[in-house]
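Everything on this sheet refers to the single structure shown next.
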Amino acid sequence: MKITVYDGATTIGGSKIHLEEDNNGIFLDFGMNFAKYARYYEEFISERPSRGIHDLWRLGLIPRLNVYRRDLIPADILEEVRQSPKVSVSAVLISHAHLDHVGNIAFLDEKVPIVGSPTTMIILKALRDTSRGSHMGMELSYYALRKPSDSNPYVLEANRKLKYYASRDIFLTEKLPEEGMSFLTWRANVELAENPNRVNYIRGSNVSLVEDQDLGFEIRAYPVDHSIFGAIAYIVEGDISVAYTGDFRLHGKNADKTKEFIRAAKSAQVLITEGTRAGRGDDVNVSEEEVYQNAKAIVDDAKGLVVADFSARNFERLESFKRIAEETGRQLVVTTKDAYFLHALGLIDGQNHLKGLRVYRNSKAKVEKWEEWVFINYPEIGITPEELRREQENYILCFSFYDMPHLLDVMPDGGVYIYSSSEAFTEEQTFSFLRLWNWLQYFRFEVHGFSVDADGKPTFEKGLHASGHISKEELEEVINDIDPDVLIPVHTESPYWFEERWSEKVVLLKDGESFEV
Numbered sequence: 001m002k003i004t005v006y007d008g009a010t011t012i013g014g015s016k017i018h019l020e021e022d023n024n025g026i027f028l029d030f031g032m033n034f035a036k037y038a039r040y041y042e043e044f045i046s047e048r049p050s051r052g053i054h055d056l057w058r059l060g061l062i063p064r065l066n067v068y069r070r071d072l073i074p075a076d077i078l079e080e081v082r083q084s085p086k087v088s089v090s091a092v093l094i095s096h097a098h099l100d101h102v103g104n105i106a107f108l109d110e111k112v113p114i115v116g117s118p119t120t121m122i123i124l125k126a127l128r129d130t131s132r133g134s135h136m137g138m139e140l141s142y143y144a145l146r147k148p149s150d151s152n153p154y155v156l157e158a159n160r161k162l163k164y165y166a167s168r169d170i171f172l173t174e175k176l177p178e179e180g181m182s183f184l185t186w187r188a189n190v191e192l193a194e195n196p197n198r199v200n201y202i203r204g205s206n207v208s209l210v211e212d213q214d215l216g217f218e219i220r221a222y223p224v225d226h227s228i229f230g231a232i233a234y235i236v237e238g239d240i241s242v243a244y245t246g247d248f249r250l251h252g253k254n255a256d257k258t259k260e261f262i263r264a265a266k267s268a269q270v271l272i273t274e275g276t277r278a279g280r281g282d283d284v285n286v287s288e289e290e291v292y293q294n295a296k297a298i299v300d301d302a303k304g305l306v307v308a309d310f311s312a313r314n315f316e317r318l319e320s321f322k323r324i325a326e327e328t329g330r331q332l333v334v335t336t337k338d339a340y341f342l343h344a345l346g347l348i349d350g351q352n353h354l355k356g357l358r359v360y361r362n363s364k365a366k367v368e369k370w371e372e373w374v375f376i377n378y379p380e381i382g383i384t385p386e387e388l389r390r391e392q393e394n395y396i397l398c399f400s401f402y403d404m405p406h407l408l409d410v411m412p413d414g415g416v417y418i419y420s421s422s423e424a425f426t427e428e429q430t431f432s433f434l435r436l437w438n439w440l441q442y443f444r445f446e447v448h449g450f451s452v453d454a455d456g457k458p459t460f461e462k463g464l465h466a467s468g469h470i471s472k473e474e475l476e477e478v479i480n481d482i483d484p485d486v487l488i489p490v491h492t493e494s495p496y497w498f499e500e501r502w503s504e505k506v507v508l509l510k511d512g513e514s515f516e517v
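In the UniProt record's numbering, the protein residues as written are 1 to 517.
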């Protein structure tokens, strides 16, 4: 078997790992490498969607392979792409729905199916439904076909003559209830159905179980604990067995599922593992239960409005704050996007995840159709800024830095802000925390989770955030327990941490390098 790490070898994220054997090939994830993108782009400068993959190809932000959608290849790089190496890709196995693992899949040839858990596929569909603009990486699980512009053949534009969105096949690791299946193939955006000149349904999506497919390998999927629901680790069986962790941990509520994968992975000759926290110095391991206990103690003593800030789609953290709200006599208020995702998750487990919640009605000139859909289907759930202002002490509001302008409509009279997400790791993130700090000082919030000193440097309080990744101590125990013949670290900035401990087993690959076993 030939193993090639096309991206993510020495960065946290951007994982693109290719397995090939007997002319059969699959990718383990095909993510967006934020570290590499940040060399050229920031919030207000990004790749040009009108040029398809051109900008990413030129800058080396996607592998130079002949594996991409033809409608995204403009004429001026078409021959270059055609002359590039072509590898076999029968599917992409998705570990979870974070963009650093899925954000470049939309560029791949439309004949390449995606494999993932039902939860991951539901989240990706909801993410696509709620995404605005023309960010091509969001085009999972459906997309608008592009064509060269009549005025400029190098410019690509949506083909408005077509009455459908295109889609790629979806192979699930478990069965999905009928309501969930309907959601995956439901028309992309109800607004489009009102205009017969626009795309209004999804065409060509085959949703089935991966066990019913012949992908050239035997695929075994194992749910693991991570900071987003639906995370999967894989064991791929060919002439040899390869275990891939994706992103995983042992300190969340699904730790027992991770342990099941660890037991199964002992049969694998090769282990490809993340190492996000490997090599970090004072690496405190905080559990989700500790986050709940610490946050609850703050809310118990809080006066006025409480704002909880945690990373998008961290539904386990959201559940913790919902529990805190119920136990402290408050109601949790979420954004419309949160509400749409929670509705989608209910299609998998049959639960009403919106029960007891309120949804913030923000002041927007244009309300998206999917947002209207939330309030039409849950008519009693909305809450206005005026209502929040009148009874601030009765609510916990789930807002992040990007929602701060909406607080100008609420104008809270002080209150408590709880930062329950990751620390700043880049200079731009540091600037964002300084801006966030200015907002919080303006509203006179009592801030927990971080502070900013006189020099504008943020410091972070431990105990209000649990990492989505396994600690280095537990990772060392896991690797020793699995005891693979070959160990390949990815998704890490500390590959030599592995070499120092398992030198005889470790294969350190740079992006684009291969190893045959």
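C-beta atoms are modelled at their ideal positions from N, C-alpha and C, and glycine is treated no differently.
Comparing C-alpha positions only, which one of the options sits nearest to residue i?
i, options, result
"serine 494", "Pro484, Leu508 and Asp483", "Leu508"
"aspartate 403", "Ala312, Gly463, Leu250 and Val517", "Ala312"
"leucine 408", "Val416, Trp370 and Asn362", "Asn362"
"serine 287", "Phe34, Glu237, His135 and Ser420", "Ser420"
"glycine 14", "Leu65, Glu42 and Leu61", "Leu61"
"valine 115", "Tyr234, Leu65 and Lys253", "Tyr234"
"lysine 86", "Asn24, Asp55 and Glu42", "Asn24"
"alanine 38", "Lys510, Glu380 and Asp100", "Asp100"
"valine 185", "Val299, Val207 and Glu372", "In the sequence under discussion, the amino acid at residue 185 is threonine, which differs from the valine named in the question. Minimum Cα distance to threonine 185 is reached at Val207."
"arginine 280", "Lys16, Ala35 and Thr492", "Thr492"
"phenylalanine 107", "Ala265, Asp29 and Gly246", "Asp29"
"aspartate 481", "Leu209, Leu124, Pro49 and Lys266", "Lys266"
"tryptophan 373", "Ala339, Ser141 and Ala91", "Ala339"
"isoleucine 202", "Ser151, Ile232 and Glu139", "Glu139"
"asparagine 314", "Val236, Ala466 and Arg82", "Ala466"
Measure the alpha-carbon distance for residue i versus residue j and round it to whole angstroms.
i, j, result
"histidine 343", "alanine 126", "9 Å"
"proline 153", "glycine 180", "40 Å"
"lysine 505", "aspartate 485", "6 Å"
"alanine 9", "lysine 147", "34 Å"
"leucine 215", "valine 242", "15 Å"
"glutamine 429", "lysine 457", "11 Å"
"phenylalanine 375", "lysine 355", "14 Å"
"serine 167", "phenylalanine 443", "45 Å"
"lysine 322", "glutamate 387", "19 Å"
"arginine 389", "aspartate 413", "8 Å"
"threonine 130", "serine 503", "46 Å"
"isoleucine 17", "leucine 318", "32 Å"
"glycine 246", "serine 422", "19 Å"
"isoleucine 324", "valine 299", "8 Å"
What first and last residue would you give for the beta strand (DSSP E) that runs through residue i?
i, result
"valine 286", "Valine 286 -> no beta strand (DSSP E), and no H or E assigned at all."
"asparagine 24", "24-30"
"tyrosine 40", "Neither: tyrosine 40 is in no beta strand (DSSP E) and is coded neither H nor E."
Going by the DSSP bridge assignment, what does residue i pair with across the sheet?
i, result
"glycine 382", "Val359"
"arginine 332", "According to the sequence provided, residue 332 is leucine. The question's arginine does not apply to it. Looking at the DSSP assignment, leucine 332 forms a beta bridge with Ile396."
"glycine 116", "Leu172"
"arginine 249", "Asp225"
"aspartate 309", "Tyr419"
"threonine 4", "His18 and Ser514"
"lysine 147", "Glu157"
"histidine 448", "Ile418"
"alanine 278", "According to DSSP, alanine 278 bridges with nothing at all."
"threonine 273", "Pro489"
"glutamate 237", "Glu218 and Ser241"
"arginine 203", "Ala166"
"valine 506", "Leu487"
"serine 208", "Phe171"
"threonine 426", "Answer by DSSP bridge pairing: none, since threonine 426 is not bridged."
"threonine 459", "Ser451"
"isoleucine 232", "Pro223"
"tyrosine 142", "Ser167"
"tyrosine 68", "Leu108"
"leucine 93", "Leu28 and Val115"
Is the shortest distance between the beta-carbon of residue i and the beta-carbons of chain C less than 8 Å?
i, result
"isoleucine 298", "Of the chains in the structure shown, none is chain C; there is only one protein chain."
How far does the alpha helix (DSSP H) with residue i in it extend, from its first residue to its last?
i, result
"glycine 180", "178-185"
"phenylalanine 321", "315-327"
"isoleucine 77", "75-82"
"threonine 10", "Note, threonine 10: premise wrong, no alpha helix (DSSP H); not H, not E."
"alanine 255", "255-265"
"phenylalanine 443", "Here phenylalanine 443 belongs to no alpha helix (DSSP H), and DSSP marks it neither H nor E."
"aspartate 403", "First-last for aspartate 403: undefined, no H or E at that position."
"isoleucine 479", "472-482"
(message) Three or more C-beta pairs under 8 Å: does that hold for the region 245-265 against the region 428-446?
(response) no
(request) Evaluate contact between the region 323-333 and the region 485-499, counting only Cβ atoms and requiring at least three cross-stretch pairs below 8 Å. (result) no
(request) Answer yes if the region 155-165 comes into contact with the region 222-229, meaning at least three C-beta pairs across the two stretches below 8 Å, and no otherwise. (result) no
(message) Does the structure place the region 442-450 close enough to the region 467-478 that three or more beta carbon pairs sit under 8 Å?
(response) no
(message) Quick check: the region 356-372 against the region 285-292, are at least 3 beta-carbon pairs closer than 8 Å?
(response) no
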